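Under this note's numbering, the first residue of the sequence shown carries the number 31, and numbering increases by one thereafter.
For every residue, glycine included, the Cβ atom is placed at its ideal position computed from N, Cα and C.
These numbers come from a predicted model, not from an experiment.
Worksheet: one structure, shown below.
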Amino acid sequence: MYDVIAFDADDTLWHSEPLYRATEEAFCGLLAGYHDAEAAVEALHQAEMQNIRYFGYGIRMFALSMIEAAIELSGGQIPTRDIQSIIDMAKGMREAPVRLFEHVEDVLASLSQSHTLMVITKGDLIDQEDKIARSGLAGYFTHIEIVSDKTSDVYRALLAKYSIDPRRFLMVGNSLKSDILPVVAIGGHAVFIPYELTWAYEHVTIPDEEDPKQYTELEHIGLLPEHIRQTSDG
Ligand SMILES: [Mg+2]
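Spelled out as structure tokens, the structure:
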């Protein structure tokens, strides 16, 4: 039933959000002399939402948002050594080990025998390329696409680029907003695998469930091959 199965990367193939949360916590510690953690997180999230359109998604945008929020929270008093600490935190994020989810390697090894596999991810180009290389998974994927955003238009263009019929395309990911709803909107299939943590930006309100859900939800990626077998038999 599917010619191509595409995977999101962050929080679908490997853990990502915990790294951001841990850095956020360190950021709050740095700013503790000025504001409580709640106010610090709020200022940081606001800076992120405003900075996406300037810098896109990923660590660079996050680092610049931390610096901007720190300047604001400290009333311009943040010492330069603390700015350096923030930059060092961002460098630490780039170098953090890639922690794969359980089952990922087996699932990709199995599905790559029968399907063309693809990665579609957003974020900093250098960071995503580096994580894909360090993950040891690159060999399973025929195409790797690092895009600046994941909208229906972006998916439509990618499918056209590789001559993929949306009806024979399956996207797997942890974000309803980026991986599931825009794919369903262009007639593709989607498997939603929620992660325990979701970045504030990725929260969406699901429209009233009058229509039957147009995507499948699985508890973990280990269940994907069985789901694909079942839908292919039908
Ligand atoms: Mg993700």
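Environment of ligand 1, chain-ordered: D38, D40, D41, T42, G203, N204 and S205, taking every residue with Cβ within less than 6 Å of a heavy atom. Taking a 10 Å sphere around the C-beta of G203, we find 16 or more other C-beta atoms and assign the residue as buried. Annotation for P196: L189, I216, G217 and G218 place their beta carbon closer than 7 Å to its own, counting only its chain and skipping 5 residues before and after.
Shown here for F171: same chain residues with a beta carbon closer than 7 Å to its own, the five before and five after excluded, namely L147, M148 and V149 in chain order. Judged by DSSP in its simplified three-state form, M79 adopts helix. Taking the Cα of S104 as reference, the smallest distance to any Cα among D209, F222, A73 and F131 is reached at A73. C-alpha of F57 to C-alpha of L49: approximately 12 Å in a straight line. Assignment of beta-bridge partners to A36 by DSSP yields M148 and M201. Under the three-state reduction of DSSP output, H133 falls in the coil class, being neither helix nor strand. Scanning its chain for C-beta atoms nearer than 8 Å, with the 5 sequence neighbours on each side dropped, one finds around V234 the residues L206, K207 and L211, in chain order.
If you ignore the 5 residues before and after T228, its C-beta comes within less than 6 Å of no other C-beta in its own chain.
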